[in-house]
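Encoded as structure tokens, the structure appears first; notes follow it.
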Amino acid sequence: MERRWHVLTPDPEQVDALSGALRCQPAVAAALLNRGISNPELAEPFLRPSFAHVRSPFLMKDVDRAVERILLALHDREKVLIFGDYDTDGITATALLFEFLAYLGADVHCHIPDRLTEGYGLSQDYIELHAIPNGVDLVITVDCGISSHDAVNTARAAGIDVIITDHHEPPPSTPAAVAVLNPKQVDCPSGFSWLAGVGVAFNLVLALRKRLRDEGYWEKRQEPNLKAACDLVALGTVGDMAPLVEENRIYVKAGLEVLASDSRPGVQALLDVSKLTDRRLSTRELAFRLAPRLNAPGRLCHASSALELLTTPNLERARTIAKELNQQNTKRQEIESKILSEILEWLEKNPKLLEQRALVIDREGWHQGVIGIVASRLVNRYEKPAIVITVTDGIGRGSARSPDGFDLYEGLKICSRHLEKFGGHKAAAGLTVKAENIPAFRTDFERVVVQKTRPQDFVPEVVIDWEISASDVSAELADELEALAPFGVGNPEPVLMISDIDLLTARRVGTHHLQMRFRPSAARNVKGNKSIDAIFFNQTSEVPQPGNLYRIACHVRWNRWREQKRMQLVIKAIDAVR
348 MERRWHVLTP
358 DPEQVDALSG
368 ALRCQPAVAA
378 ALLNRGISNP
388 ELAEPFLRPS
398 FAHVRSPFLM
408 KDVDRAVERI
418 LLALHDREKV
428 LIFGDYDTDG
438 ITATALLFEF
448 LAYLGADVHC
458 HIPDRLTEGY
468 GLSQDYIELH
478 AIPNGVDLVI
488 TVDCGISSHD
498 AVNTARAAGI
508 DVIITDHHEP
518 PPSTPAAVAV
528 LNPKQVDCPS
538 GFSWLAGVGV
548 AFNLVLALRK
558 RLRDEGYWEK
568 RQEPNLKAAC
578 DLVALGTVGD
588 MAPLVEENRI
598 YVKAGLEVLA
608 SDSRPGVQAL
618 LDVSKLTDRR
628 LSTRELAFRL
638 APRLNAPGRL
648 CHASSALELL
658 TTPNLERART
668 IAKELNQQNT
678 KRQEIESKIL
688 SEILEWLEKN
698 PKLLEQRALV
708 IDREGWHQGV
718 IGIVASRLVN
728 RYEKPAIVIT
738 VTDGIGRGSA
748 RSPDGFDLYE
758 GLKICSRHLE
768 KFGGHKAAAG
778 LTVKAENIPA
788 FRTDFERVVV
798 QKTRPQDFVP
808 EVVIDWEISA
818 SDVSAELADE
828 LEALAPFGVG
838 NPEPVLMISD
848 IDLLTARRVG
858 THHLQMRFRP
868 SAARNVKGNK
878 SIDAIFFNQT
888 SEVPQPGNLY
898 RIACHVRWNR
908 WREQKRMQLV
918 IKAIDAVR
């Protein structure tokens, strides 16, 4: 697929000044400027993330009320229920809060809803059928609850207090809970709007620990080092694709260090089945190897096994669960592949559908747990918003995904008259719709996307931080670029452009990858003739012809294997220079 090359243009004088002050290469200084780091004072906390830079959790609206209510529950030995979500963010948030409250001696229990039978979020049915009969005194939601008005009202009527911790877009009015912790609320002064659900829960735990410290609680028992819980925060934050900025960057960097220590039996077992033992971890492994396995049981059966994996102290039990999760992930991939094949076959028979600005596809019997991944695959393939709906007993449940350029949540809000309910954010959302309303919704959604976007808004682009010469590629450059990690949403790995490089060899490896070798261009008299290894992932077009001068957009990265490492270009785009 063709890509637009968008070359950023930071001020060269600022690049030189920052490069000199930090004693780094111009490409690194340019990347920092492109991320809003304009002086050495800002660069210091970015390059060396530290808990010393974490702001007070008490900046968040209602956190003091939540702390007081939880401390009352501890004092009176009340029954506390943590109600989570079935994705990696919700599971890690549940595990984190459960472990901390259990350490305090609370009478604490957990519930992760069944995706297929209970659906997302705290429901009125759950309060009536489970919380009330089981004598729950306090419900704390994590990664959900911001729209659970009926459930909260039912709980209040039964004498059950509710604390909501969430990070999804809040509705115009929030539930009448004892406390609502959601930094996306317009009147929340914290500035923590980029936190994942696990990040909100972590800030609640930080606040609880601080209040207990002020009351002298830790004088009689060991105060927990909450950096040890950052493995959970990192998994949930990266798994939910939350921006890696500000505190998120600090939490994830600390979490990667904790994950590397294998201190949690569940993590050790998960790394083993993911074939990541003894490998240096980055956010890529969290996003594409660990999070999918934690998500798998919540998609196919029940996420309680993933929660048990993260909380069990028994290594043998953890290994058993990790193997089950690995098998479920393989099954998930098979189901996902089958659904995607059916959709691609349908689009091949109905090519006019691809002329539309958005895809809304429905069918009976698709597995509800994997349609979100299928929608993501369609977005990656066609670069347009995609909604996949599975219909059962006249009710459609859909997952929506969108590339940059369109706000899904706002789009669904405009079309909400056709929907029973919906929720999510700009890039991902879920919805429920009656089967008979799907055609009208499809038409209306297409109208909204056409009104709100232009065709060029969905042309994928490769954003380039700085242009370098082929002779600038070096071990020092790779080291300095690596210091900008962790990479992810909000802090993408820098992409550099090289316009004076010759292709020596190119061959296909596997089904979809190209292994390549370059050298500085002889035609342009570039100094140096040392060859440079490169890989072009997921590239199905024709193999480029050696002997030509090329322009490439790439990452300069270390490729590590056990104790060895070698420098490698990871190609994002390539053009022959005419």
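Residue numbers (our numbering): 348 to 925. Beta carbons are placed, not taken as given, at the ideal position from N, Cα and C, and that holds for glycine. No experiment lies behind these values; they were computed from the predicted model shown.
Tell me whether residue i sits in a helix, a strand or coil according to DSSP, three-state version.
i, result
"residue 893", "coil"
"residue 820", "coil"
"residue 737", "strand"
"residue 549", "helix"
"residue 531", "coil"
"residue 583", "helix"
"residue 470", "coil"
"residue 888", "coil"
"residue 608", "coil"
"residue 911", "strand"
"residue 625", "coil"
"residue 386", "coil"
"residue 768", "strand"
"residue 838", "strand"
"residue 762", "coil"
"residue 753", "coil"
"residue 569", "coil"
"residue 730", "coil"
"residue 371", "coil"
"residue 500", "helix"
"residue 659", "coil"
"residue 403", "coil"
"residue 680", "helix"
"residue 577", "helix"
"residue 716", "coil"
"residue 685", "helix"
"residue 592", "coil"
"residue 436", "helix"
Which residue from the options puts its Cα closest to that of residue i?
i, options, result
"residue 359", "543, 814, 886 and 436", "814"
"residue 515", "478, 476, 523 and 468", "468"
"residue 936", "841, 824 and 886", "Examination of residue 936 is not possible in this model, given that the chain is present from 348 through 925 alone."
"residue 413", "911, 824 and 524", "524"
"residue 396", "596, 671 and 857", "596"
"residue 644", "677, 628 and 621", "677"
"residue 491", "485, 459, 505 and 386", "459"
"residue 895", "880, 905 and 864", "864"
"residue 620", "579, 441 and 666", "666"
"residue 532", "517, 796, 546 and 541", "517"
"residue 782", "448, 711 and 772", "711"
"residue 600", "618, 633, 849 and 743", "633"
Per DSSP, residue i is paired with what?
i, result
"residue 458", "430"
"residue 746", "735 and 777"
"residue 703", "Paired residue(s): none; residue 703 is not in a bridge."
"residue 852", "864"
"residue 902", "917"
"residue 813", "843"
"residue 881", "863 and 916"
"residue 922", "898"
"residue 485", "427 and 508"
"residue 947", "Here the chain has residues from 348 to 925 only, and residue 947 is not among them."
"residue 351", "808"
"residue 526", "510"
Report back the beta-carbon spacing between residue i and residue j to the nearest angstrom; my notes put them in contact at under 8 Å.
i, j, result
"residue 778", "residue 812", "Residue 778 to residue 812, Cβ: 37 Å. No contact."
"residue 654", "residue 636", "Incorrect: roughly 19 Å between the Cβ atoms, too far for contact."
"residue 543", "residue 436", "5 Å"
"residue 631", "residue 672", "Actually they are not in contact, since the Cβ atoms of residue 631 and residue 672 sit about 19 Å apart, beyond 8 Å."
"residue 547", "residue 519", "In fact, because the Cβ distance is near 20 Å, the residues do not count as touching under 8 Å."
Check whether the Cβ of residue i sits closer than 6 Å to any heavy atom of the ligand SAM, and report yes or no.
i, result
"residue 618", "Only the bare structure without any ligand can be found here, which leaves the ligand SAM out of the picture."
State whether the segment 399 to 415 contacts the segment 524 to 540, with contact taken as three or more CB pairs (one from each stretch) at a distance under 8 Å.
Touching, yes, given that three or more Cβ pairs across the two stretches are closer than 8 Å.
Using 8 Å as the cut-off, can you tell me whether the segment 753 to 760 makes contact with the segment 711 to 727, which would need three or more C-beta pairs spanning the two stretches below that distance?
In short, these stretches do not touch, since the Cβ pair count stays below three.
Across the segment 688 to 699 and the segment 786 to 798, are there enough close Cβ pairs to call them in contact, namely three or more that are closer than 8 Å?
Too few Cβ pairs lie closer than 8 Å, so no.
I want to know whether the segment 641 to 661 touches the segment 595 to 612 - three or more CB-CB distances under 8 Å.
Because the criterion of three Cβ pairs below 8 Å is met, the segment 641 to 661 and the segment 595 to 612 touch.
Do the segment 854 to 862 and the segment 825 to 832 touch if we need at least three Cβ pairs shorter than 8 Å?
By the criterion of at least three beta-carbon pairs nearer than 8 Å, the segment 854 to 862 is not in contact with the segment 825 to 832.
At least three beta-carbon pairs within less than 8 Å, the segment 556 to 565 to the segment 428 to 435
Three or more beta-carbon pairs separated by less than 8 Å are not found between the segment 556 to 565 and the segment 428 to 435, which leaves the two stretches without contact.
Stretch-stretch touch, CB-based, cutoff 8 Å, three pairs: the segment 584 to 596 with the segment 561 to 574
In the pairwise beta carbon analysis, the segment 584 to 596 is classified as not touching the segment 561 to 574: fewer than three pairs are separated by under 8 Å.
Does the segment 364 to 378 touch the segment 570 to 578, meaning 3 or more C-beta pairs lie closer than 8 Å?
The segment 570 to 578 vs the segment 364 to 378: no contact.
So, does the segment 501 to 510 touch the segment 475 to 482, judging by three or more C-beta pairs under 8 Å?
Touching, yes.
If we count Cβ pairs, one from each stretch, closer than 8 Å, do we get three or more for the segment 793 to 810 versus the segment 877 to 887?
These segments do not touch.
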